[in-house]
Amino acid sequence: MMREARFATVIMMTIMLLFSAIILGNSFDYAQSVHYVPAVCYCLIAGIGLFFLSRHTWELSRITLHSGNLYQTLTDLIRLRSQHTKLMVGVWLGGMLAGSLIMFPTVARKFEDQGLAGILLSVGLPLCLVLIALGLAKITGFFTDRYLNELREQVNELEELR
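Our numbering runs 55 ahead of the 1-based position in the sequence shown.
Structure representation (structure tokens):
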């Protein structure tokens, strides 16, 4: 679990650095502050993810085997892991939705040319695609936590032995 948390931390830090560089360096020559909305969203979401990951890592490091009570340790890990999984799914969903905002900065510029229908299509289409992808991921079990399932199986085995 710690290795997975470190990998996710590297991803979040990379996202923060990349989008901070985009914001600070204005690499896309943005003229209006509304153009920065997707990059700022990504930075905020990555920052929230880093906070959750650091808190999860700290709480994982505090869990020890309670004087031979494996059952209590496993239930503590399940509780901690299920909380963390819910929070990180929210972070990943937020990242996907922020990615769908990539067309948002073009709204002001294209409104006169395309009208309201064109704007709704250019912003709504990526959002719909993200929502469809998230629905398919949920249906296929992409958001299931394999560590959590393994921990629950181990607790069930311990209960059978009792």
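Just so it is clear, CB atoms sit at the ideal spot from N, CA and C, and this is done for glycine as well. This one's a predicted model, so the numbers in the text were calculated from it and none came from an experiment.
- request: Please go through the same chain and pick out, in chain order, the residues whose beta-carbon is closer than 8 Å to the beta-carbon of Ile157, but skip the five residues on each side of it.
  value: Pro93 and Pro181.
- prompt: Is it true that the region 209-217 meets the region 140-155, where meeting means three or more beta-carbon pairs spaced less than 8 Å apart?
  reply: Taking a cut-off of 8 Å on C-beta distances, the region 209-217 does not touch the region 140-155, as fewer than three cross pairs fall below it.
- prompt: Just the Cα atoms here: how many angstroms apart are Thr140 and Asp200?
  reply: Their backbone Cα atoms lie some 7 Å apart in a straight line.
task: Given a cut-off of 8 Å, decide if Cys98 and Ser75 are closer than it, judged by their beta-carbon atoms.
output: yes
message: Are the CB atoms of Ala153 and Ile100 within a distance shorter than 8 Å?
response: yes
- request: Output the distance between the C-alpha atoms of Leu213 and Phe197, rounded to the nearest integer angstrom.
  value: Taking the straight line joining both Cα atoms gives about 28 Å.
- prompt: Between Ile133 and the rest of its own chain, which residues show a CB-CB distance below 7 Å, the 5 nearest in sequence each way excluded?
  reply: Same-chain partners within the cutoff: Leu203, Leu206, Arg207 and Val210.
query: Measuring CB to CB, does Leu135 end up less than 8 Å from Glu114?
result: yes
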